[in-house]
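See below for the structure under consideration.
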Amino acid sequence: MTRKRVLVLADLPGRGVERLAEVCEVEVRPQGVDSEDELAELLPGFHGLLPLLMHRVGDKALGAADNLEVVANYAVGVDNIDLEAARRHDVVVTNTPGVLTEDTADLTWALILSSLRGVVSGDRFLRRGDYYGWSPKLLLGRSLQSIVLGIVGAGRIGQAVLHRAAAFGVETLYASRTRLPKEREKALGTERRELAELLGASDVVSLHLPLDETTRHLIDRRRLAAMRPGSVLINTARGPLVDEAALVEALTTGHLAGAGLDVYEHEPRVHPDLLGMENVVLLPHLGSATRETRIRMADCCCEDLTTVLVEGQRPARDLVCNLSIPRP
Ligand code: DGY
Numbered sequence: 119m120t121r122k123r124v125l126v127l128a129d130l131p132g133r134g135v136e137r138l139a140e141v142c143e144v145e146v147r148p149q150g151v152d153s154e155d156e157l158a159e160l161l162p163g164f165h166g167l168l169p170l171l172m173h174r175v176g177d178k179a180l181g182a183a184d185n186l187e188v189v190a191n192y193a194v195g196v197d198n199i200d201l202e203a204a205r206r207h208d209v210v211v212t213n214t215p216g217v218l219t220e221d222t223a224d225l226t227w228a229l230i231l232s233s234l235r236g237v238v239s240g241d242r243f244l245r246r247g248d249y250y251g252w253s254p255k256l257l258l259g260r261s262l263q264s265i266v267l268g269i270v271g272a273g274r275i276g277q278a279v280l281h282r283a284a285a286f287g288v289e290t291l292y293a294s295r296t297r298l299p300k301e302r303e304k305a306l307g308t309e310r311r312e313l314a315e316l317l318g319a320s321d322v323v324s325l326h327l328p329l330d331e332t333t334r335h336l337i338d339r340r341r342l343a344a345m346r347p348g349s350v351l352i353n354t355a356r357g358p359l360v361d362e363a364a365l366v367e368a369l370t371t372g373h374l375a376g377a378g379l380d381v382y383e384h385e386p387r388v389h390p391d392l393l394g395m396e397n398v399v400l401l402p403h404l405g406s407a408t409r410e411t412r413i414r415m416a417d418c419c420c421e422d423l424t425t426v427l428v429e430g431q432r433p434a435r436d437l438v439c440n441l442s443i444p445r446p
């Protein structure tokens, strides 16, 4: 029997791809693709695709790929994929939920701590040779126990951030389309607020939402103005949730005291003004960047590709509810 063909757009850690290659014909393209046009040219003949979060998989690519059955996205966010087009073209789409929750929540706290306690600016200060000895007023931050943390988006990652807040003794609020069950709110020690109220009541606001047309620029000029003077914005979700030019303005006027960012509106480009700001901590999209998690993400994708292409089953992580593949 001829084996189905899979295009993998990266060199992935772990042995998932090796295992996949035992049951499918796998072509690994470590350099990925530069555009959807390039992907559309490559895809015909492939039955499965494993893209990264910066690879746009839209109507053009999906339409060009006559044999494509499944796209297993190497990310939990699927804003790079046109799900509606995938549904139309009868292509299963899966992602990697769950496996990166804890690491992303940890990194969110790394940004919160760095922003409030000068971890990165203190390191820069010392390396510049500016440290001449302990002093009562040197680089004063803010006590975690004095702040209110506002979580926007209470999915898996938002809840994992809330869970850690209790250990730090941080008071929290959350804003979310759907309310968490009462017992869950109680266990997390948090309360739901409307977004506008949360913004005005929080000293740190952290974003944990998927990017789609309803959340693009959710944090715009108006909502930044609604944040507490002297507050801090943390974003480990997706850059375009925030109007980056408006954020730069809010940081420049001093309305916001700082920001901790792992993602950018025009990633990998970063607004040049952010690069010069001492009160901003900038990371290169490291939320899920641990060896363990990146291996688990690869395993999820390769398992889903195998489920569809070899077993002819619908994977549990199918996001487009493709109807032509029976449920296991
Ligand atoms: C995701 O999975 O969506 C992250 O942004 C990368 O791990």
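Residues in the sequence shown are numbered consecutively from 119, following the numbering used here.
Note that CB positions come from ideal geometry on N, CA and C, so glycine has one too.
Is Ala434 buried or exposed, if buried means 16 or more other CB atoms sit within 10 Å of its CB?
Result: exposed.
Three-state class that DSSP yields for Arg445 in the structure shown:
Only weak support exists for where Arg445 lies, its pLDDT of 43 falling under 50; the value from the coordinates is given anyway. Here DSSP, grouped into helix, strand and coil, assigns Arg445 to coil.
Per DSSP, which one or two residues make a beta bridge with Tyr292?
Residue pairing for Tyr292: DSSP places it in a beta bridge opposite Ile269 and Arg310.
With a threshold of 8 Å, are at least 3 pairs of Cβ atoms found where one atom belongs to the stretch 418 to 430 and the other to the stretch 253 to 272?
Output reads no: the stretch 253 to 272 does not touch the stretch 418 to 430.
Inter-residue spacing [alpha-carbon to alpha-carbon] between Ile337 and Gln149
Rounded to whole angstroms, Ile337 to Gln149 spans 33 Å at the Cα level.
Just curious, the beta strand (DSSP E) that Arg274 is in, first and last residue?
The continuous stretches of beta strand (DSSP E) do not include Arg274, which lies in the alpha helix (DSSP H) extending over residues Arg274 to Phe286.
According to DSSP, is Gly240 helix, strand or coil?
Three-state result, Gly240: helix.
Is it buried or exposed, Thr290, if we count other Cβ atoms within 10 angstroms and call 16 or more buried?
Classified as buried, Thr290 has 16 or more neighbouring CB atoms from the shown chains inside 10 Å of its CB.
Within a Cβ cutoff of 7 Å, which residues of the same chain sit near Arg445, ignoring the five residues on either side of it in sequence?
Any reading at Arg445 needs caution, since the residue's pLDDT is 43, under 50, leaving its predicted position unreliable; the model's value is listed next. Within the same chain, Arg432 come within 7 Å of Arg445 by CB-CB distance, once the 5 residues on both sides are set aside.
Of all the options Leu201, Ala139 and Glu331, which has the alpha carbon lying nearest to the alpha carbon of Glu421?
Answer by Cα proximity: Ala139.
Is the beta carbon of Ala407 closer than 8 Å to that of Pro131?
No, these two residues do not count as a Cβ contact at 8 Å.
By Cβ distance below 7 Å, which residues in the same chain neighbour Thr308 in space, the five residues on each side in sequence not counted?
Leu280, Thr290, Leu291 and Tyr292, listed in sequence order.
Please report how far the alpha carbon of Thr371 lies from the alpha carbon of Glu396, in whole angstroms.
Their backbone Cα atoms lie some 14 Å apart in a straight line.
Quiz: which residues have CB nearer than 5 Å to ligand 1 non-hydrogen atoms
Those residues, listed in chain order, are Ala193, Val194, Gly195 and Ser406.
For Val194 versus Val211, is the C-beta spacing smaller than 8 Å?
Val194 is not a Cβ neighbour of Val211, given a cutoff of 8 Å.
Host alpha helix (DSSP H) of Leu392 (start-end)
Start and end: Pro390 to Leu393.
Going by DSSP, what residue range makes up the alpha helix (DSSP H) through Leu325?
Per DSSP, Leu325 is not a residue of any alpha helix (DSSP H); the beta strand (DSSP E) it occupies stretches across Val322 to Leu325.
Sort out for me which residues DSSP pairs Ile337 with in a bridge.
Ile337 is bridged to Val360.
Among residues of its own chain, excluding the 5 on either side of Glu143, which ones have a beta-carbon nearer than 6 Å to its beta-carbon?
Excluding sequence neighbours, Glu143 sits near Arg121 and Arg123.
The stretch 351 to 369 contacting the stretch 326 to 335, beta-carbon criterion three pairs below 8 Å:
Segments in contact, yes.
Candidates Arg409, Gly405, Arg205 and Arg274: closest to Leu229 by CA position
Per the Cα distances, Gly405.
4 or more residues per run - each alpha helix (DSSP H) lying fully within the stretch 200 to 250:
At a cut-off of 4 residues, the continuous stretches assigned as alpha helix (DSSP H) that sit fully inside the stretch 200 to 250 are 201 to 206, 219 to 235 and 237 to 245.
Rounded to whole angstroms, how far is the Cβ of Leu170 from the Cβ of Glu145, which I believe are closer than 8 Å?
Contact doesn't hold; Cβ gap of about 15 Å is too wide.
Nearest to Lys304 by alpha carbon, out of Ala284, Ala314, Ile413 and Leu313?
Among Ala284, Ala314, Ile413 and Leu313, the Cα nearest to that of Lys304 is on Ala284.
Cα-Cα separation, Met119 to Arg414:
Rounded to the nearest angstrom, the two C-alpha atoms are 30 Å apart.
Expected contact under 8 Å - CB spacing of Cys419 and Thr214 to nearest Å
Rounded, the Cβ-Cβ distance is 7 Å, consistent with contact.
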